[in-house]
Every structure is written in structure tokens, then in C-alpha cells.
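**Student:** Protein chains in written order, with our numbering: chain A, -12 to 180; chain B, 3 to 308.
Built from N, CA and C at the ideal position, the CB exists for glycine as well.
This one's a predicted model, so the numbers in the text were calculated from it and none came from an experiment.
One structure is given below, represented as C-alpha cells, and several questions about it will come after.
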Amino acid sequence: MDLSRRTFIKTTVVGGVGLSAFGFDLAPVYAQTQGLKIDRTTETRSTCPYCSVSCGVIIHTIGDRAKNVTPQVIHVEGDPDHPINRGTLCPKGASLEDDINNDRRLLKPQVRRPGAQDWEDISWDQAFNEIGAWVKKTREETFVEKDQNGYTVNRCEGIGWTGGCTDTNELNYLAVKTMRSLGVCYFETQARV
Amino acid sequence: MSNPQTMQIQEISAHSGPVPGQGTQRAAKVCKYIDVTTCIGCKACEVACVEWNDHPFRETSFDNTYQTMASTEWNYWNLIKFVEHERDGNFMWLMRKDQCMHCEDPGCLRACPADGAIIKYQNGIVDFQQENCIGCGYCISGCPFDIPKFNPQTKKVFKCTLCSDRVGQGLEPACIKACPTGCLHFGTKQEMVQIARARVSQLQTESGFANAGVYDPPSIGGTHVIYVLHDVTQPELYGGLPANPVIPPSYTVWKWLAKPMGLIMAGLGVLAVFFHRVTVGPKLPQPEPVITEHPDEAESDRRETP
């Protein structure tokens, strides 16, 4: 048999290449999973703004709050340490990320004048002034000093107040003080937080 | 585990020979527990899935039911199937969270012809590796639950990953975390089966569901997503859950008979070439045919080129 060293090496290499082409290579034992997208995000605790259950949420933003970073919300999920929801969320709460990153999110005060069709952008100063003027006007028009039996009641019956579920104790304290001092009877603070 | 995020593989699709290092490390088998009897159909799991996986918002289809769409999609992996059912003359919702079942013996992995496109981790998660996917769609027909879905733009197949990125980092899947009624639970397979059995006995003795049971089909070696059903004898009621899911036999024939035979024949061919080369030797250049019209010229040419 005419088998030189060169022929042996050549045929072995060709055979080896042929074998590995048919899948006899050593594949990695581990597979890489997708990176955890909240791995190094900044976690901020907050409260879901929807209903009065007031579930705790964790808002994940990119960056580590360094000066040159503008934080951007990339994920929101339930806060497992919150005693109300212990990490769970309803579908509305679970979609909070897209509530924050939303083209239709309202970021400035708007007003729709009586009879007007469209909403009109106004400044915060103008909004405060107009609300103040309306509150004063309504209170003066609807204030009840004495009821039908002649008892002093000092009621302001033309104004109602509804709090939001994310309002804190401190805000609710101020709201109650303010509304009571105006004589407002119809108020609900949603004080759940 | 530390970065880069990896998980040890137990099985690889279309991989010849054993998986290197298989079984060298212990890994707890993870499992999702879904209690269909306490699901209120709020779809928090659907939203949590979409949010975690950054899936786009898509149009839903209305078909006279509360169901978001007809079936899961390549970018919508988690769907509550709403079934209106009548039991003893009373109306009753059957709401089943439909997603990948992460079978112990996955039909998609058996059917897949692309090396490494579908892998099963040691902890039981079956995951698609889209970079190795060739888009043939065999996994779609190999799946007994109709879960893998084809993306026509990228020509790749996608499905629920059981949040392998989260589970690999020690977190629970997004859907499990969101569930407000606690009908979803996550843990080891052993623990989940225990919880499921306890719930089943509660349903049987206290709630009057005599046929209540755990859906963990043994025909595919069990699944890493188990259901507690009101009536385990009729799983088809719950939006077409197969009673006896099996991998199509054609795939078994192809994988365990046709493909090894083909590989053996290809190997024999290579060996034949090798031995032919060794025994007979290389093919040497043959003498050029003699041109008869001008015999003198032909003779002189041959002499010039030895």
C-alpha cells in the first residue's frame, strides 16, 4: 500500500473537516440568556396613581442619577416590600411605564372655557389665579352662614374636593385644613397612603 | 449567577452526541403554577408580559368574548383564553392563561433541525435562540400546544421564554409577579405540584368539584407550567388544552430513524473516500488523447511538455 506521510496528513485533515461539517464539534454547555434590562437601573419607589388601593410600584430609570444623565423610565413593576400589594399589580398598574412614556400624557395646565370646543394651554400662574378667583367667587355666592333653624354653620356648599390616591398624609393634612377653613363640607381626601 | 448571564443547558436541538457537561451541576427545576379556578381574567399577566419584554402595543381583535385576540402571537406570548361554560345550568367563566408550557420533553426541540436554535436549560426552561433559528417552522407543527409563532419580517420563531433573563438572575417571571389574585405561583416543580395537589383536594372536598385535578400531562414527561382545573377530565374545554398532548410521530421517525441513518450513510461515504484514497491512491493525470489528423505535431507537443 502506497501511503506516504503527506498523504496521511492530507486525508486526515480532509476527513476531520468532513466530520466537523456533520456536527461533531464541541458546543458550549452554557447558553447566554438575554441581559436583565433592570440590572443597574435606578429604582425609585412610588405609588400607583389609579385607584384608591394605592399599590406600591418601583420605577426603574436608566442611569445612576449622575449629573449628566437624564433619567428615562424603562420599566415599572410592583414593589414586593409594599404591604398593600406585595409586588403584584393589576393590568392598569402593570402598564404604568407606558403611562409615563406617552405622547398623550398631560404635562401642562389646560382649560376649556364655557362654550368652547377645544382645550386651551395656559400657564401655571394663570391657572392658579383663575382657580383662586373662581373659588373666591363661588364661596362668596354659595356661603351659608346660618341654617334654617338659625344655627351658625359657616358652610361653603358650592365647592367639593376630591383627593388623589397618591396624595401623602402631609398633603391631605394641608388639604383638610384648607377646605375646612373655607367651609367646604363635601370633601374626600382618598387618604390611603 | 454573574454576568454574562448564562444558564446551563440540558438539551440542544438537532445536536449530535450528548450535551457536553450535561448534569454536572445541580439545578432546581422551576415551575409555574396556574390556578384556573381563582383566575379573575384581569389580564395583568398579559400586560406584565408585554411590558417586561418590551413588546409593541398591537390592535386587539374582538370576537364576542373578553379575550384579547384569537391566539398568542410572535410578539404576544401570554393570553388569557375566555371560555363561556355552563355547569349544572349555571353560567361559568373558564379563564386559562395560555402560554408556553415548557414541556419536559419539548416537541419544538425534538422537531427543530437547526443546531442550538432551541435549548432546554437544566432548570427546565425551554428557550429559543433566535440567532440560530433558520425559520423553517418545524417547531410550530411539533408543538402540541400551538405556541411557537413565526415572525414574517425577521423569519424567526418566538415564544414565551419563562422570563429566562429574570429567572437566571433569581427573579420570578413577570406574569407571576403581577398576578393580583395569587392564582399564579412560581417555585420548584416539586413545591408547585404539592400546592396544586392541596388546592385540588380543597376543590374536591369543599367546593364540590369532584373532577378537579392537576394538569401536568405525563405523555410529554410533565410540563414546567401546571394547571389546576375544575374538571381535569375535560381539558379541551379550557380553550383547547389537549388531554393527551403528544409530539407528532413523524418527527420521532425522522429524528430517531431517518436522520441518524442519513448521518451514518454520509459518514460511510466519507470513510469510503478515505479508504479509496489510501488504498487506490490519488487520481493521476491521464495521457492526452492522440489527435490523428496531424500525428507529427501531436508527437512533437508531447515531447516538449514532459
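(1) Hey, would you say D117 of chain B sits closer than 7 Å to A260 of chain B, going by beta carbons?
(2) Decide yes or no for the touch test of the segment 211 to 220 of chain B against the segment 57 to 64 of chain B: beta carbon pairs closer than 8 Å, at least 3 of them.
(3) If you reduce the DSSP assignment to three classes, tell me which class L93 of chain A lands in.
(4) Please classify W79 of chain B as buried or exposed, where buried requires at least 16 other C-beta atoms within 10 Å of its C-beta.
(5) Below 8 Å on C-beta distance, what does T31 of chain A contact in chain B?
(6) Which residues bound the alpha helix (DSSP H) around A72 of chain B?
(7) For D12 of chain A, I'd like the list of residues in its chain whose CB is within less than 7 Å of its CB, leaving aside the five on either flank, ordered along the chain.
(8) Going by beta-carbon coordinates alone, are Y35 of chain B and H232 of chain B separated by less than 7 Å?
(9) Would you check if the segment 57 to 67 of chain A and the segment 34 to 47 of chain A touch, i.e. whether three or more CB-CB distances between them fall below 8 Å?
(10) Compute the Euclidean distance between the alpha carbons of N66 of chain B and G43 of chain B, then round it to the nearest angstrom.
(11) Residue range of the alpha helix (DSSP H) that D86 of chain A falls in?
(12) Give a yes or no on whether 7 Å exceeds the smallest Cβ distance from D37 of chain B to chain A.
(13) What is the DSSP secondary structure of K151 of chain B, counted as helix, strand or coil?
(14) Determine, using beta carbons only, whether T20 of chain A comes closer than 7 Å to chain B.
(15) Hey, is E133 of chain B's beta-carbon within less than 7 Å of any beta-carbon in chain A?
(16) Residues in its own chain within less than 8 Å of W106 of chain A by CB, not counting five upstream and five downstream?
(17) Measuring CB atoms only, is the segment 162 to 171 of chain B touching the segment 234 to 248 of chain B, in the sense that at least three cross pairs come out at less than 8 Å?
(18) Quick one: does P311 of chain B have its CB under 7 Å from some CB of chain A?
(19) Report the neighbours of H69 of chain A on chain B: residues whose CB is nearer than 7 Å to its CB, in chain order.
(20) Using a Cβ cut-off of 9 Å, which residues of the segment 45 to 72 of chain A contact any Cβ in chain B, in chain order?
(21) Between which residues of its own chain and F130 of chain B is the CB-CB distance below 7 Å, once the five residues before and five after are set aside?
(22) Using beta-carbon positions only, say whether C114 of chain B and C141 of chain B come within less than 7 Å of one another.
(23) What did DSSP end up calling V60 of chain A once you bin it into helix, strand or coil?
(24) Kindly list the residues whose CB is nearer than 8 Å to the CB of Q27 of chain B, restricted to its own chain and excluding five residues on each side of it in sequence; keep chain order.
(25) Decide if C38 of chain A is buried, meaning its Cβ has at least 16 other Cβ atoms within 10 Å, or exposed.
(26) How should K83 of chain B be labelled, buried or exposed, when 16 other C-beta atoms within 10 angstroms of its C-beta is the threshold for buried?
(27) Could you tell me which of B:M94, B:T62, B:V52 and B:E133 sits nearest to P78 of chain A, measuring between CA atoms?
(28) Secondary structure at Y240 of chain B, three-state DSSP: helix, strand or coil?
(29) How is E208 of chain B classed by DSSP in three states: helix, strand or coil?
(30) Looking at V38 of chain B: is its Cβ nearer than 7 Å to the Cβ of R89 of chain B?
(31) Considering Cα atoms alone, identify which of B:Q12, B:P182 and B:N134 is closest to A30 of chain B.
(32) Which whole-angstrom value describes the C-beta separation of Q19 of chain A and Q132 of chain B, a residue pair presumed to lie in contact below a C-beta threshold of 8 Å?
(33) Return the chain-ordered list of same chain residues with a C-beta closer than 8 Å to the C-beta of V60 of chain A, the five sequence neighbours on each side being excluded.
(34) Against chain B, with Cβ distances strictly below 7 Å, would P78 of chain A count as a contact?
(35) How is R100 of chain A classed by DSSP in three states: helix, strand or coil?
(36) Please name the residue or residues paired with Q196 of chain B in a DSSP beta bridge.
**Tutor:** Checking against the coordinates, here is how it stands:
(1) As a first step, residue 117 of chain B is located in the second sequence; it is residue number 115 there, counting from the start. As a first step, residue 260 of chain B is located in the second sequence; it is residue number 258 there, counting from the start. No, the pair does not count as a contact, with Cβ atoms beyond the cut-off.
(2) Output reads no: the segment 57 to 64 of chain B does not touch the segment 211 to 220 of chain B.
(3) For the purposes of this step, residue 93 of chain A is identified with residue 106 of the first sequence, where counting begins at 1. Here L93 of chain A sits in coil by DSSP.
(4) Here residue 79 of chain B corresponds to residue number 77 of the second sequence, with the count starting at 1. Classification of W79 of chain B: buried, given that the 10 Å Cβ count is 16 or more.
(5) As a working note, residue 31 of chain A is residue 44 in the first sequence. The premise fails here: T31 of chain A is roughly 17 Å from chain B at the closest Cβ pair, so nothing lies under 8 Å.
(6) Counted from its first residue, the second sequence places residue 72 of chain B at position 70. Run containing A72 of chain B: none; DSSP gives neither H nor E here.
(7) As a working mapping, residue 12 of chain A is identified with position 25 in the first sequence. Confidence is the limiting factor: at D12 of chain A the pLDDT is only 49, short of 50, which leaves the residue's position unreliable, though a coordinate-based value still follows. Cβ neighbours of D12 of chain A beyond the five flanking positions: none.
(8) Walking along the second sequence from the start, residue 35 of chain B turns up at place 33. Walking along the second sequence from the start, residue 232 of chain B turns up at place 230. Result no, Cβ atoms of Y35 of chain B and H232 of chain B do not sit closer than 7 Å.
(9) yes
(10) Taking the second sequence and counting its residues from 1, the one referred to as residue 66 of chain B is at position 64. Taking the second sequence and counting its residues from 1, the one referred to as residue 43 of chain B is at position 41. Their backbone Cα atoms lie some 15 Å apart in a straight line.
(11) Mapped onto the first sequence, residue 86 of chain A falls at position 99. Segment L83 to I87, the alpha helix (DSSP H) holding D86 of chain A.
(12) One-based indexing of the second sequence puts residue 37 of chain B at position 35. Taking CB atoms only, D37 of chain B has no neighbour in chain A less than 7 Å away.
(13) Looking up residue 151 of chain B in the second sequence gives position 149. Strand.
(14) One-based indexing of the first sequence puts residue 20 of chain A at position 33. Residue contact check for T20 of chain A against chain B: a CB pair falls below 7 Å.
(15) For this step, residue 133 of chain B is matched to residue 131 along the second sequence. So, not an interface residue.
(16) Residue mapping note: residue 106 of chain A aligns to position 119 of the first sequence, counting from 1. So the list reads Q97, V98 and R99, once near-sequence residues are dropped.
(17) no
(18) Residue numbering for chain B in the displayed model covers 3 to 308; residue 311 of chain B lies beyond these limits and cannot be assessed.
(19) Counting from one through the first sequence, the residue named residue 69 of chain A turns up at place 82. Result: empty, since nearest Cβ-Cβ is about 12 Å, beyond 7 Å.
(20) I61, H62, V63, E64, G65, P67 and N72
(21) The residue you call residue 130 of chain B lines up with position 128 of the second sequence. Excluding residues within five positions, the ones whose Cβ falls inside 7 Å are A119, I120, V159, F160 and K161.
(22) As a position in the second sequence, residue 114 of chain B is number 112, starting the count at 1. As a position in the second sequence, residue 141 of chain B is number 139, starting the count at 1. With respect to the 7 Å criterion, C114 of chain B and C141 of chain B are classified as neighbours on the basis of their beta carbons.
(23) In the first sequence, the residue the question calls residue 60 of chain A occupies position 73. Strand at V60 of chain A.
(24) Taking the second sequence and counting its residues from 1, one reaches residue 27 of chain B at position 25. Same-chain partners within the cutoff: Q10 and Q124.
(25) Position 51 of the first sequence, counting from 1, holds the residue named residue 38 of chain A. Exposed.
(26) Taking the second sequence and counting its residues from 1, the one referred to as residue 83 of chain B is at position 81. Under this definition K83 of chain B is a buried residue.
(27) Position 91 of the first sequence, counted from the start, is the residue given in the question as residue 78 of chain A. Comparing Cα positions, the closest option is B:V52.
(28) To locate residue 240 of chain B, count along the second sequence from 1; it is residue 238. Coil at Y240 of chain B, not helix or strand.
(29) Counted from its first residue, the second sequence places residue 208 of chain B at position 206. Three-state result, E208 of chain B: helix.
(30) The residue given as residue 38 of chain B occupies position 36 in the second sequence. The residue given as residue 89 of chain B occupies position 87 in the second sequence. It is not a contact, given that the beta carbons lie outside the stated cut-off.
(31) Here residue 30 of chain B corresponds to residue number 28 of the second sequence, with the count starting at 1. If we check each option's Cα against that of A30 of chain B, B:Q12 comes out closest.
(32) The sequence position of residue 19 of chain A within the first sequence is 32, counting from 1. The sequence position of residue 132 of chain B within the second sequence is 130, counting from 1. About 12 Å separates the two Cβ atoms, so there is no contact after all.
(33) Position 73 of the first sequence, counted from the start, is the residue given in the question as residue 60 of chain A. Excluding residues within five positions, the ones whose Cβ falls inside 8 Å are I46, H47, T48, E84, I87 and N88.
(34) Taking the first sequence and counting its residues from 1, one reaches residue 78 of chain A at position 91. Output row for P78 of chain A: interface = yes.
(35) Position 113 of the first sequence, counted from the start, is the residue given in the question as residue 100 of chain A. Correct three-state label for R100 of chain A: coil.
(36) Position 194 of the second sequence, counted from the start, is the residue given in the question as residue 196 of chain B. Q196 of chain B pairs with nothing; no bridge assigned.
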